[in-house]
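Below is one structure; the comments refer to it alone.
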Amino acid sequence: MIRRFQALPLRSRLALLTASAVALAVAAVAVTAWLLTRTQLNQELDTTLSSTSAQTGTAVEAVRTCGAATERSAEPGFVYVQVVLADGTRCVVAGSHPVKVHAEDLEVARGTRPESLHSSTTDDGAEVRVHTERVPLPGGLAAVTVSRPLHEIDAALNRLALLLSALAGIGVVAAGAAGLWVARTGLKPVDRLTDAVEHVARTEDLTVRIPVEGEDEIARLSRSFNQMTAALASSRDRQAQLIADAGHELRTPLTSLRTNIELLARSEETGRALPPGDRAALLASVKAQMAELAALIGDLQELSRPDSATPGPVQVVALHDIARTALERARLRGPELTITDELRPWYVRAEPAALERALVNVLDNAVKFSPPRGTVEVLLDRGVLTVRDHGPGIASDELPHVFERFWRSPSARALPGSGLGLSIVARTVHQAGGEVELRPAEGGGTVAVLSLPGAPAPPPPSVVADERVDQA
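Those letters in the sequence shown? Residues -25 to -1, 1 to 447, by mature numbering (1 follows the signal peptide of the UniProt record, and there is no 0).
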């Protein structure tokens, strides 16, 4: 049964649940009303019987004519009166129906109890309510019973039951219709969302947006769907742009590499040896282009990872030591440059290899754009790493684009590089919880500022051990 219910559409389940809830509520109200009405009618009947006093003369007349009274059918609402003697003999007043004598009536007739109120039946089997009261007679005490048939109450209760049943049925039908209407109205946004999801799944069209109305749960769901499709569309656009830019960047070194290899191959095929100087230059160009391709592929692999992922475990590292290692590599690439450094201790939580690569990229840019025999100044103070060169600088209108993938300023297009270095720097620094900025330097050149949260001293070994356990 539960599986069948779960197999129904959501709209049908809501309508069915609404109708069931209303049916239970109406049934509870109807039963309660019927029970209260029955109790009230019975109490009123008992009160009426208790307040009805039989005349002593009527009782005496009943005893005198006992056995000779003419019995006739009582009209609805007629009160039956009879006298019960101590020996159990009953004398029925003319026009009354004889009512069966109970033990309570005999107790009243014998003087063991003053009165009695109970239910009984006539000799014909009709249910009556009986009030028995002791009265004095010339021959002694006797009990006078005043009875009233219950068919009036039963008829009223039956009519009430039919009325309540009809009202309950109408209420259930109305509740079902109202539940279906509410389900259809309330699920319209869900239907729109379903249609949109099916449309996206069928056409892969991520430009679909659902109108958002109000601040309820459906509106939140619609808003979340719109944000999801917008994020997916943006991600797909960035992916397509990355592929297009990567193809463009790969085309130049591949073309140059193919040309150089074809020259070498043609020289071997024709038997015309290239001059030693030209051959050495071609081989050096091939090596440089292969190194450029390897670096570009590595950058692409770095950027292909999700923003929330890291290539290795995050740990506490000495930023000053990583900066010193990156400086050694920078000095090898620019031996004619003067690179000064002042590195104060600073410890951060980051992935060591990624952080070192980011610092190398920043220093490579400074070396690349520095003039011959120029100076590069590096300072690390309380988590702020400053790299300043004395090159041509960056135009103010180009600064907002320096961290975009594959973006290169017009003045740098002739220099080697893929345009991905600063993108990787920004990504690594943000993953470590820091900020990165490029700005013009006073007197010319560019200043790169990396701010990383940390501490001037490493944490205790116990804290480091706990972090490793948490990561595991």
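C-beta: ideal position from N, C-alpha, C; glycine also. Keep in mind it's a predicted model, so treat the numbers as computed, not measured.
Among the options, the one whose alpha carbon lies nearest that of residue i
i, options, result
"Pro415", "Ser371, Leu425, Gly396, Ser426", "Ser371"
"Ala423", "Gly368, Pro434, Leu318", "Gly368"
"residue 450", "Ala328, Ala208, Leu142", "Absent from the model: residue 450. The displayed extent of the chain is -25 to 447, so no value can be given."
"Asp130", "Ile236, His365, Arg304, Thr12", "The residue you asked about is not Asp; residue 130 is Ala in the sequence shown. Comparing Cα positions, the closest option is Thr12."
"Ala325", "Thr361, Arg247, Ala407", "Ala407"
"Ala143", "Ala3, Thr300, Tyr322", "Ala3"
"Glu90", "Ser26, Ala150, Asp62", "Ser26"
"Thr169", "Val183, His106, Glu331", "Val183"
"Glu102", "Leu81, Lys75, Val(-4)", "Lys75"
"Ser94", "Asn17, Ile236, Ala194", "Asn17"
"Gly309", "Arg319, Pro346, Glu331, Arg332", "Pro346"
Secondary structure of residue i, DSSP reduced to three states
i, result
"Pro186", "coil"
"Arg198", "helix"
"Pro428", "coil"
"Ile218", "helix"
"Ala130", "helix"
"Asp316", "strand"
"His106", "strand"
"Leu330", "helix"
"Thr421", "strand"
"Pro228", "helix"
"Thr87", "coil"
"Arg13", "helix"
"Ser122", "strand"
"Leu268", "helix"
"Ala259", "helix"
"Leu20", "helix"
Segment limits, alpha helix (DSSP H) that includes residue i
i, result
"Leu92", "First-last for Leu92: 90 to 96, but that is the beta strand (DSSP E), not the alpha helix (DSSP H)."
"Ala78", "78 to 84"
"Arg306", "294 to 308"
"Val289", "First-last for Val289: undefined, no H or E at that position."
"Val400", "396 to 406"
"Arg177", "163 to 178"
Distance, residue j Cα to residue i Cα
i, j, result
"Leu(-12)", "Val187", "23 Å"
"Val121", "Ala78", "16 Å"
"Leu132", "Pro124", "14 Å"
"Ile314", "Asn336", "15 Å"
"Ser(-6)", "Trp9", "21 Å"
"Leu374", "Val165", "45 Å"
For residue i, the first and last residue of its enclosing beta strand (DSSP E)
i, result
"Glu412", "410 to 415"
"residue 454", "Residue 454 falls outside the range modelled here, since the chain spans only -25 to 447, and no answer is possible."
"Arg363", "359 to 363"
"Ala325", "322 to 325"
"Leu65", "Here the sequence assigns Arg to residue 65, which means Leu is not the residue at that position. First-last of the beta strand (DSSP E) with Arg65: 65 to 67."
"Val58", "55 to 59"
Whole-number beta carbon distance between residue j and residue i, since they are thought to touch under 8 Å
i, j, result
"Ala293", "Leu334", "Not quite, the Cβ-Cβ distance comes to about 12 Å (not below 8 Å), so this is no contact."
"Ile128", "Leu24", "With a Cβ gap of about 12 Å, Ile128 and Leu24 do not count as contacting."
"Val83", "Glu108", "7 Å"
"Asp364", "Gly420", "5 Å"
"Leu238", "Leu257", "6 Å"
"Thr96", "Pro73", "The Cβ separation is near 10 Å, so there is no contact."
"Ser398", "Glu410", "About 15 Å separates the two Cβ atoms, so there is no contact after all."
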